[in-house]
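Residue numbers (this note's numbering): -4 to 274. Even for Gly, the Cβ is constructed at its ideal location relative to N, Cα and C. So the structure is just underneath, and the comments pick up after that.
Structural data, given as structure tokens:
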């Protein structure tokens, strides 16, 4: 779940403190009539790795837009063996509940973006399977109630960028939930950052442009070190992830958005996932 606070009057809690996850519980809400589609409850609990203080999130989530069927059909082909991934996103879920940090519990509210991706591309019985791609992936929530999903992929063996978009272009969802697939886009790195633990170089700021909607936006990390590292204490997850991401670590974090679309100034927030390295 990629949580993005959109309440201007509230503050945001952004921390690089690592959390040791103990359990999570995600389920569809129901009433006397049965299940309630696209309404969920989530509980996540763990301890901070630095001081072992309890950390807990308890929220209800209610979908406020129809799901984004990524690429228009929700089917993505990955890797040289063209393994299939099915993919949709809830781009606007209203979130309300509480968060506990270092013994202090506070009410929280906002909106979140939730991805659901599945398929045989993560079948550990068939790994390694030729999914030798790296990627830069962006989920963007604009302040005008529009969302963007976009990304680029590279062949890890040759280092060459793959021309065909994994998501059938830039996916733009308007305020009413209508999907536009825009093919003529570019993602240009503007600066870079080096992870001191691995010496891997990641892009650390981007300009995204698209011609038909005159999109020109800048994506800037809230802070640079937002590495996701899967430790030895999670052997199964690490074993699978290492087949895709060397070292079972990658950059995944919150960014800010500024720029224009069709000449109108826009702002927003983004969640970005990076496995692609630069030299």
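Which residues DSSP lists as bridging residue i, in chain order
| i | result |
| --- | --- |
| residue 26 | 29 |
| residue 144 | 134, 166 |
| residue 19 | 39 |
| residue 93 | 53, 102 |
| residue 275 | Outside the displayed span of the chain (-4 to 274) sits residue 275, for which this structure offers no information. |
| residue 184 | 201 |
| residue 247 | 268 |
| residue 211 | 204, 255 |
| residue 236 | Paired residue(s): none; residue 236 is not in a bridge. |
| residue 261 | 254 |
| residue 156 | 149 |
Backbone CA spacing between residue i and residue j [nearest angstrom]
| i | j | result |
| --- | --- | --- |
| residue 26 | residue 38 | 19 Å |
| residue 261 | residue 64 | 24 Å |
| residue 206 | residue 68 | 23 Å |
| residue 91 | residue 36 | 10 Å |
| residue 50 | residue 20 | 15 Å |
| residue 97 | residue 43 | 8 Å |
| residue 130 | residue 154 | 11 Å |
| residue 178 | residue 167 | 11 Å |
| residue 199 | residue 237 | 23 Å |
| residue 134 | residue 272 | 19 Å |
| residue 230 | residue 197 | 26 Å |
Cutoff 8 Å; reference residue i; Cβ partners in own chain excluding five residues on either side
| i | result |
| --- | --- |
| residue 209 | 255, 256, 257, 258 |
| residue 31 | 23, 24, 25 |
Nearest residue (CA-CA) to residue i, options the options
| i | options | result |
| --- | --- | --- |
| residue 226 | 53, 87, 91, 242 | 242 |
| residue 268 | 251, 253, 245 | 245 |
| residue 147 | 140, 174, 139, 128 | 128 |
| residue 194 | 134, 230, 152, 274 | 274 |
| residue 57 | 157, 253, 220, 107 | 107 |
| residue 248 | 229, 272, 153, 223 | 223 |
| residue 73 | 172, 159, 61 | 159 |
| residue 165 | 171, 237, 66, 60 | 66 |
| residue 220 | 46, 62, 187, 167 | 187 |
| residue 109 | 84, 185, 89, 190 | 84 |
| residue 213 | 229, 252, 232 | 252 |
| residue 34 | 88, 105, 48, 40 | 88 |
| residue 176 | 145, 196, 230 | 145 |
| residue 95 | 157, 156, 189, 40 | 40 |
Residues near residue i in its chain [Cβ-Cβ closer than 6 Å; skip 5 each side]
| i | result |
| --- | --- |
| residue 6 | Residue placement at residue 6 is flagged as unreliable, the pLDDT there being 35, under the threshold of 50; a coordinate-derived value is accordingly withheld. |
| residue 114 | 79, 80, 81 |
| residue 111 | 83 |
| residue 270 | 129, 130, 240, 245 |
| residue 149 | 129, 156, 271 |
Cβ-based neighbour list, residue i, same chain, cut-off 7 Å, excluding 5 preceding and 5 following
| i | result |
| --- | --- |
| residue 93 | 53, 100, 101, 102, 103 |
| residue 204 | 180, 181, 210, 211 |
| residue 183 | 201, 202 |
| residue 172 | 60, 61 |
Nearest-angstrom Cβ-Cβ length linking residue i and residue j, presumed shorter than 8 Å
| i | j | result |
| --- | --- | --- |
| residue 29 | residue 136 | Their Cβ separation, rounded to whole angstroms, is 31 Å, which puts residue 29 and residue 136 out of contact at 8 Å. |
| residue 71 | residue 162 | 7 Å |
| residue 140 | residue 170 | 4 Å |
Residue i CB to nearest heavy atom of the ligand FAD below 7 Å
| i | result |
| --- | --- |
| residue 249 | What this structure holds is no ligand at all, so the ligand FAD is not there to describe. |
Below-8 Å beta-carbon distance, residue i vs any chain B residue
| i | result |
| --- | --- |
| residue 190 | This model lacks chain B altogether; it includes just one protein chain. |
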